[in-house]
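A.B. asks: Per the UniProt record's numbering, the very first residue in the sequence shown carries number 251; after that it's consecutive.
Backbone N, C-alpha and C fix where the C-beta goes; we use that ideal spot for every residue, glycine too.
Only a predicted model underlies this, so the values are computations on that prediction, with no experimental measurement involved.
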Amino acid sequence: QKAEWAALKNAETVTADGKHFELAANIGTPDDVKGVNDNGGEAIGLYRTEFLYMNSDHFPTEDEQYDAYKAVLEGMNGKPVVVRTMDIGGDKKLPYFQLPDEMNPFLGWRALRISLSEAGDAMFRTQLRALLRASVHGRLRIMFPMVALLTEFRKAKGILLEEKAKLVAEGVAVSDAIEVGIMIEIPAAAMLADQFAKEVDFFSIGTNDLIQYSMAADRMNEQVSYLYQPYNPSLLRLINNVIKSAHAEGKWAGMCGAMAGDQTAVPLLMGMGLDEFSMSATSVLQTRSLMKRLDTTKMQELANKALTEAGTMEEVVALVEEYVK
Ligand code: PEP
Ligand code: MG
């Protein structure tokens, strides 16, 4: 089995009926890029930049960030890199930045909510400038986390364009091919995906949070972990809505939550037409091998059944077992 996976390292991800899917990997630091290439990743689907902030004793400067982003883009040799703007808050703290004591930090001041606030404005603009400057070194996709409202996306994109205009006026080279997208990890955004799809370049579904928010079950609380159900039909319907809404506007939809590398979920996601799967680098070859054995028409049939006939997670899993032998 390991030998079969190794042979797929430099292969394209193609299904039994010849359809291509993008198999990407998640990273936390520039050092992780080697693992992506060693495991045959076709892209980076999520660079969690908050580690840059968490592994520092001060807000990383524009140059420090530029160096990190450049290293990742160059390391990927022109393959796409999705960089997520910082997602601090929730469970992630910074020693040099005071976060308020909150009753529900996961429902509180985190991620883009900080970036769009007065207190986070300078930090956000610094990060965007570093990204814009680095954009000439590869194929950059910028992604905003924890978007609930279309107005939040517009505001964030507006700030990005302001910083781009400033850099261009200063004579700094900036790529014109940067894609700008959002994470779909809040049910409100998943429901309104058709409207978001008119304005974003792509979606990436963050199932780790999307599941906890749609089930109202803390993703770290053992006592309610039975509610944490990636295969629940309600979650599949949300995901399907996101994918179909993206495609209706000619945009692509990916996934960067743990579900994207889940071997039971992959057949369902293929059937729904997910375009990009981003997972831990060590899952890429196993997933490529699985996809190679599967037929997309059959997986569409499977997904349709799961979406229209299943009432429970167990019923969905039984369907997958029936379709994937
Ligand atoms: C997610 O929520 O699915 C996700 C990929 O982001 P994180 O795990 O960093 O919250
Ligand atoms: Mg998340």
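Let me check one thing: in DSSP terms, what residues is residue 528 bridge-paired to?
C.D. replies: Looking at the DSSP assignment, residue 528 forms a beta bridge with 274.
A.B. asks: Pull the bridge partners of residue 433 from the DSSP assignment, please.
C.D. replies: 454, per the DSSP bridge assignment.
A.B. asks: Got a list of residues with beta-carbon closer than 5 Å to any non-hydrogen atom of the ligand MG, in chain order?
C.D. replies: Those satisfying the condition are, in chain order, 435, 456 and 459.
A.B. asks: Take the Cβ of residue 473 as the centre, count every other Cβ of all protein chains shown within 10 Å, and call the residue buried at 16 or more, exposed below.
C.D. replies: Burial call: exposed.
A.B. asks: What did DSSP end up calling residue 502 once you bin it into helix, strand or coil?
C.D. replies: In this structure, residue 502 counts as strand in the three-state DSSP scheme.
A.B. asks: Alpha carbon to alpha carbon, how far is residue 343 from residue 368?
C.D. replies: Roughly 19 Å separates the two Cα atoms.
A.B. asks: Reducing DSSP to helix, strand and coil, say where residue 342 ends up.
C.D. replies: Of the three classes helix, strand and coil, the one that applies to residue 342 here is strand, per DSSP.
A.B. asks: What's the call for residue 418, buried or exposed, on a 16-neighbour Cβ count within 10 Å?
C.D. replies: Residue 418 should be labelled exposed.
A.B. asks: Give the DSSP bridge partners of residue 297, in chain order.
C.D. replies: In DSSP, residue 297 forms a bridge with 277 and 333.
A.B. asks: Quick one: grab the DSSP three-state call for residue 392.
C.D. replies: Three-state result, residue 392: strand.
A.B. asks: Under 8 Å, do residue 323 and residue 274 count as touching if we go by C-beta distance?
C.D. replies: Contact flag unset, no.
A.B. asks: DSSP has residue 347 in a bridge; who is on the other side?
C.D. replies: Paired residues: 344.
A.B. asks: So the candidates are 379, 444 and 405; which of them puts its Cα closest to the Cα of residue 415?
C.D. replies: Minimum Cα distance to residue 415 is reached at 379.
A.B. asks: Count the other CB atoms within 10 Å of the CB of residue 336; is the residue buried (16 or more) or exposed (fewer)?
C.D. replies: The residue is buried, with at least 16 neighbouring Cβ atoms inside 10 Å.
A.B. asks: Between the Cα of residue 304 and those of 332, 262, 347 and 270, spot the shortest distance and give me the residue it belongs to.
C.D. replies: Out of 332, 262, 347 and 270, 347 has the C-alpha closest to the C-alpha of residue 304.
A.B. asks: For residue 454, which residues from the same chain have a beta carbon less than 8 Å from its beta carbon, with the 5 sequence-adjacent residues on both sides left out?
C.D. replies: Excluding sequence neighbours, residue 454 sits near 295, 296, 332, 393, 431, 432, 433, 434, 503, 504, 505, 506, 526 and 528.
A.B. asks: Counting beta carbon pairs with one atom in the region 434-447 and one in the region 465-472, are three or more of them shorter than 8 Å?
C.D. replies: No: the two stretches stay apart, fewer than three of their Cβ pairs being nearer than 8 Å.
A.B. asks: Could you tell me whether the Cβ of residue 333 comes closer than 8 Å to any Cβ of chain C?
C.D. replies: Included in the structure is just one protein chain, with no chain C present.
A.B. asks: Using the Cα positions of residue 438 and residue 300, report the straight-line distance between them to the nearest angstrom.
C.D. replies: Taking the straight line from one Cα to the other gives about 24 Å.
A.B. asks: So, under 8 Å CB-CB, residue 244 and residue 567 are touching, yes? Tell me the CB distance rounded to an integer number of Å.
C.D. replies: Because the chain in this structure spans residues 251 to 575, residue 244 falls outside the shown range and cannot be described.
A.B. asks: For residue 359 and residue 365, what's the separation of their Cα atoms in angstroms?
C.D. replies: Cα-Cα distance, rounded: 10 Å.
A.B. asks: If the criterion is Cβ atoms closer than 8 Å, does the pair residue 355 and residue 341 meet it?
C.D. replies: Contact: yes.
A.B. asks: For residue 440 versus residue 491, is the C-beta distance shorter than 8 Å?
C.D. replies: Yes, these two residues count as a Cβ contact at 8 Å.
A.B. asks: Please check the pair residue 289 and residue 531, which I expect to be a contact at CB under 8 Å, by giving their CB distance rounded to whole angstroms.
C.D. replies: Contact flag correct, Cβ pair sits at about 4 Å.
A.B. asks: Is the beta carbon of residue 460 less than 8 Å from the beta carbon of residue 486?
C.D. replies: Cβ distance not < 8 Å, so residue 460 and residue 486 don't count as in contact.
A.B. asks: Got a sec: does the ligand PEP put a non-hydrogen atom nearer than 7 Å to the Cβ of residue 298?
C.D. replies: Yes, the Cβ of residue 298 comes within 7 Å of a heavy atom of the ligand PEP.
A.B. asks: Please give me, in chain order, every unbroken run of the beta strand (DSSP E) with length at least 3 that falls completely inside the region 354-419.
C.D. replies: You should have 389-394.
A.B. asks: If contacts are defined as beta-carbon pairs under 8 Å, then residue 483 and residue 556 qualify, I think. What distance do you get, rounded to the angstrom?
C.D. replies: Going by Cβ atoms, the distance from residue 483 to residue 556 rounds to 6 Å, so yes, they are a contact pair.
A.B. asks: Between residue 285 and the ligand PEP, is the CB less than 7 Å from at least one heavy atom?
C.D. replies: Checking every heavy atom of the ligand PEP against the Cβ of residue 285, none is found closer than 7 Å.
A.B. asks: Any heavy atom of the ligand PEP inside 7 Å of the beta-carbon of residue 468?
C.D. replies: It does not: the Cβ of residue 468 is nowhere closer than 7 Å to a heavy atom of the ligand PEP.
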